[in-house]
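Note that UniProt numbering has the sequence shown beginning at 1, numbered continuously upward. Beta carbons: idealized from backbone N, C-alpha and C, even for Gly. Notes follow once the structure below has been shown.
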Amino acid sequence: MPHLRSYRPTDDEALAEVCLRTAGAGADATGLLPDDELWAEIFVLPYVARHPDLAFVVADDDDRAIGYIVGTDNTRGFEEWFASEWWPRFEERWPAPDAGVESTRETDILRYAYSVRSGSDPHGGTYPAHLHIDLLPGAQGKGWGRFLITAFTAVLRERGVAGVHFAANAENLGALAFYDRLGFERLDSQEGEQVFGQTVTPGARPVAVFAGASGFIGTALVGAFESDGYEVRRIGRSEETTWDDAEAIARAIDGADVLVNLAGKPVNARYTDAVRDEIFRSRVDTTRALREAVAAAPNPPRVWLNASTATIYRHEEGRPNTESSGVIGEGFSVDVARSWEQEFFAGDLPHTRRVALRMAIVVGDGPATNILFRLARIGLGGPQIDSPWFRNRRYRGIGDDPSGDGRSSHHRTRGAQKFSWIHIDDVVAATRLLIERPDISGPVNIASPEPSDNRTLMRELREIVGMPFGLPAWRWMLEPAMWLLRTEPELILKSRWVVPETLTDAGFEFTHPQLRAALEDAAARRRS
Numbered sequence: 001m002p003h004l005r006s007y008r009p010t011d012d013e014a015l016a017e018v019c020l021r022t023a024g025a026g027a028d029a030t031g032l033l034p035d036d037e038l039w040a041e042i043f044v045l046p047y048v049a050r051h052p053d054l055a056f057v058v059a060d061d062d063d064r065a066i067g068y069i070v071g072t073d074n075t076r077g078f079e080e081w082f083a084s085e086w087w088p089r090f091e092e093r094w095p096a097p098d099a100g101v102e103s104t105r106e107t108d109i110l111r112y113a114y115s116v117r118s119g120s121d122p123h124g125g126t127y128p129a130h131l132h133i134d135l136l137p138g139a140q141g142k143g144w145g146r147f148l149i150t151a152f153t154a155v156l157r158e159r160g161v162a163g164v165h166f167a168a169n170a171e172n173l174g175a176l177a178f179y180d181r182l183g184f185e186r187l188d189s190q191e192g193e194q195v196f197g198q199t200v201t202p203g204a205r206p207v208a209v210f211a212g213a214s215g216f217i218g219t220a221l222v223g224a225f226e227s228d229g230y231e232v233r234r235i236g237r238s239e240e241t242t243w244d245d246a247e248a249i250a251r252a253i254d255g256a257d258v259l260v261n262l263a264g265k266p267v268n269a270r271y272t273d274a275v276r277d278e279i280f281r282s283r284v285d286t287t288r289a290l291r292e293a294v295a296a297a298p299n300p301p302r303v304w305l306n307a308s309t310a311t312i313y314r315h316e317e318g319r320p321n322t323e324s325s326g327v328i329g330e331g332f333s334v335d336v337a338r339s340w341e342q343e344f345f346a347g348d349l350p351h352t353r354r355v356a357l358r359m360a361i362v363v364g365d366g367p368a369t370n371i372l373f374r375l376a377r378i379g380l381g382g383p384q385i386d387s388p389w390f391r392n393r394r395y396r397g398i399g400d401d402p403s404g405d406g407r408s409s410h411h412r413t414r415g416a417q418k419f420s421w422i423h424i425d426d427v428v429a430a431t432r433l434l435i436e437r438p439d440i441s442g443p444v445n446i447a448s449p450e451p452s453d454n455r456t457l458m459r460e461l462r463e464i465v466g467m468p469f470g471l472p473a474w475r476w477m478l479e480p481a482m483w484l485l486r487t488e489p490e491l492i493l494k495s496r497w498v499v500p501e502t503l504t505d506a507g508f509e510f511t512h513p514q515l516r517a518a519l520e521d522a523a524a525r526r527r528s
């Protein structure tokens, strides 16, 4: 999983590569100069040599840097050091261009390097710190830029630095729009570049409030936000702020930047009347309590992400459900989701953007994946086949406007039911993206762009666990098996065909788009 960490001296080669591959206004600059190494010796390596404590990297699964932020907290001091100690080492390798030499990309960069002197940066007085930030294309659009800047400015706040500035290529329109969204001010700039600046409030860190984050997904998200430099406040039954203390909830939310609500009893249970009511109330009531606190807050969070579920859509085998064209289903699980979202979007919150996370089944070391692996191990790793079953009241509708006829569903899927899913790493990355995109609100499908089907899913599970066979599981076999596992067959019999239209349109790139690789990663994490 990509992750944010501090710089290490062994990162230098990878940082130089990132710099080269993004130096062409965000594109690969390989071959644009006679010597590709010139870029890094000016824009990256002097900073990690002078200020390694201000360097942070985004690293991939192999811990190799795929993005970075570097900089200085004292532009005037850095300019003097660069001119007197760093650059003289390269004067023989890259001599200063003669005054009459025609301007080229190389001569322009060299003239910049030879011009650096204390006081040469016109913004270094008002904004004493400056930075350079770059991400490889595969790491862009996932929130890493925001979190690199958050980590960097957190150090500046601790040191009492008054402000930070940086220059971006004027042709890199995507980057310019990103910095505008982050609230940076456009400063006076030379032709071909745009300088941005921002004051830094001493002692402040961005605040994220997490409600109901003790489970599998919440643990992953909280860990990611903490590593990104957020101060995390928690609301929950056993947290410092509890659901029965409305005043404490209000204090926790006031002044926060981000609110993430994952509260709700797990649906991995048998739908007895008591459990049904708890599943419903634990979602609707907690969301209402948060909405009332946000509405009353003098300084409400700028964005609120609230859990929902892709189960809100109907059983579908003919076409995928998108946010714009999906058809809402009926029955207990759908009514829970509908009421949950209705409570979430109720009322007017003019200063808080709201996003409902219609999450597919999350692949990772969590309860849904664990059940699927267990089925494969006990020999029930064949396709799950729906068939008629005794009437029961477990799936009847719930809430003010219950839907459906109360009978258990029956679809002749024969293992063709769709399986929409998403890896936990992509849940984290999508959350980061949604926080930084003020143009996205409303329901968002959190699902892989490549859903599978039940037959393929179970074959992949059998192969991963080493089970040579898997009996087809008819409804009459699944009902007692799921009773023993204390869950419901709906998990694997409903055809969930959901695709992430909004995330795809936003340019989100999935780390785990393929089901087999995602399941293998989940199995490896379980073993470790």
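Three-state class that DSSP yields for A25 in the structure shown: Secondary structure at A25: coil, using DSSP grouped into helix, strand and coil.
Taking only the alpha-carbon atoms, compute the straight-line gap between H130 and L457 and give it to the nearest angstrom. When rounded, the distance between both Cα atoms is 50 Å.
For I422 and I446, believed in contact at Cβ under 8 Å, the rounded distance: Indeed they touch by this definition, with Cβ atoms about 6 Å apart.
For V57, is the classification buried or exposed, using 16 other Cβ atoms within 10 angstroms of its Cβ as the cut-off for buried? Buried, since its Cβ has 16 or more Cβ neighbours within 10 Å.
Can you tell me the Cα-Cα spacing of A168 and A40, whole angstroms? Going by the C-alpha atoms only, they are around 16 Å apart.
Would you decide whether L135 is buried or exposed? Buried here means 16 or more other CB atoms lie within 10 Å of its CB. Using a 10 angstroms sphere on the CB of L135, the tally of other CB atoms reaches 16 or more, which defines it as buried.
To which residues does DSSP link A208 through a beta bridge? Within the DSSP bridge table, the entry for A208 names V232, V258 as partners.
Please report the straight-line C-alpha distance between P300 and L503, rounded to a whole angstrom. In this structure, the straight-line span from the alpha carbon of P300 to that of L503 is close to 25 Å.
Near P513, what residues of its chain come up, given a Cβ to Cβ distance below 8 Å and the 5 sequence neighbours on each side ignored? Excluding positions up to five away in sequence, the list reads S448, P449, E450.
Can the beta-carbon of P298 be found less than 8 Å from the beta-carbon of D365? Cβ distance not < 8 Å, so P298 and D365 don't count as in contact.
Let me make sure I understand the geometry here. Which of V258, H51, R394 has the alpha-carbon closest to that of A274? Closest by C-alpha distance to A274, out of V258, H51, R394, is R394.
If you scan the segment 48-98 from start to end, which runs of the alpha helix (DSSP H) of 4 or more residues do you find wholly inside it? Entirely contained in the segment 48-98, the alpha helix (DSSP H) runs reaching 4 residues are, in chain order, 75-81.
Which two residues bound the contiguous alpha helix (DSSP H) that contains P480? 475-484 is the span of the alpha helix (DSSP H), which, as asked, contains P480.
Out of H351, I312, S324, state which residue places its alpha-carbon closest to the alpha-carbon of S339. It is I312 whose Cα lies nearest to the Cα of S339.
Would you identify the three-state DSSP class for Q190, choosing helix, strand or coil? If DSSP states are grouped into helix, strand and coil, Q190 belongs with coil.
Helix, strand or coil: which one does DSSP assign to G145? Secondary structure of G145 (DSSP, three-state): helix.
With respect to the beta strand (DSSP E) encompassing L135, which residues constitute its N-terminal and C-terminal limits? Counting along the chain, the beta strand (DSSP E) containing L135 begins and ends at 129-135.
Find the nearest neighbour of I69 within the set T286, Y112, V44, T75, judged by alpha-carbon distance. If we check each option's Cα against that of I69, V44 comes out closest.
Would you mind stating whether M467 and R377 have Cβ atoms separated by less than 8 Å? The answer is yes: Cβ separation under 8 Å.
Leaving aside the five residues before and after I328 along the sequence, list all residues of the same chain whose C-beta is less than 8 Å from its C-beta, in chain order. Around I328: I312, Y313, R314, V334, R338.
Taking DSSP as the reference, what is the three-state secondary structure of R5? Three-state result, R5: strand.
Anticipated Cβ contact below 8 Å, F373 with V465, distance rounded: Indeed they touch by this definition, with Cβ atoms about 6 Å apart.
Where do the N-terminal and C-terminal ends of the alpha helix (DSSP H) with I398 fall, by residue? I398 -> no alpha helix (DSSP H), and no H or E assigned at all.
Return the residue from the list P489, G31, H132 that minimises the CA-CA distance to L15. Answer by Cα proximity: H132.
Coarse secondary structure for N454, derived from DSSP in three states: N454: helix per DSSP, three-state reduction.
Please state whether DSSP places G215 in a helix, a strand or coil. In the structure shown, G215 sits in coil (DSSP, three-state: anything other than H, G, I, E or B).
Would you tell me roughly how many angstroms separate the C-alpha atoms of V362 and A170, rounded to the nearest one? Using only the alpha carbons, I get a separation of about 40 Å.
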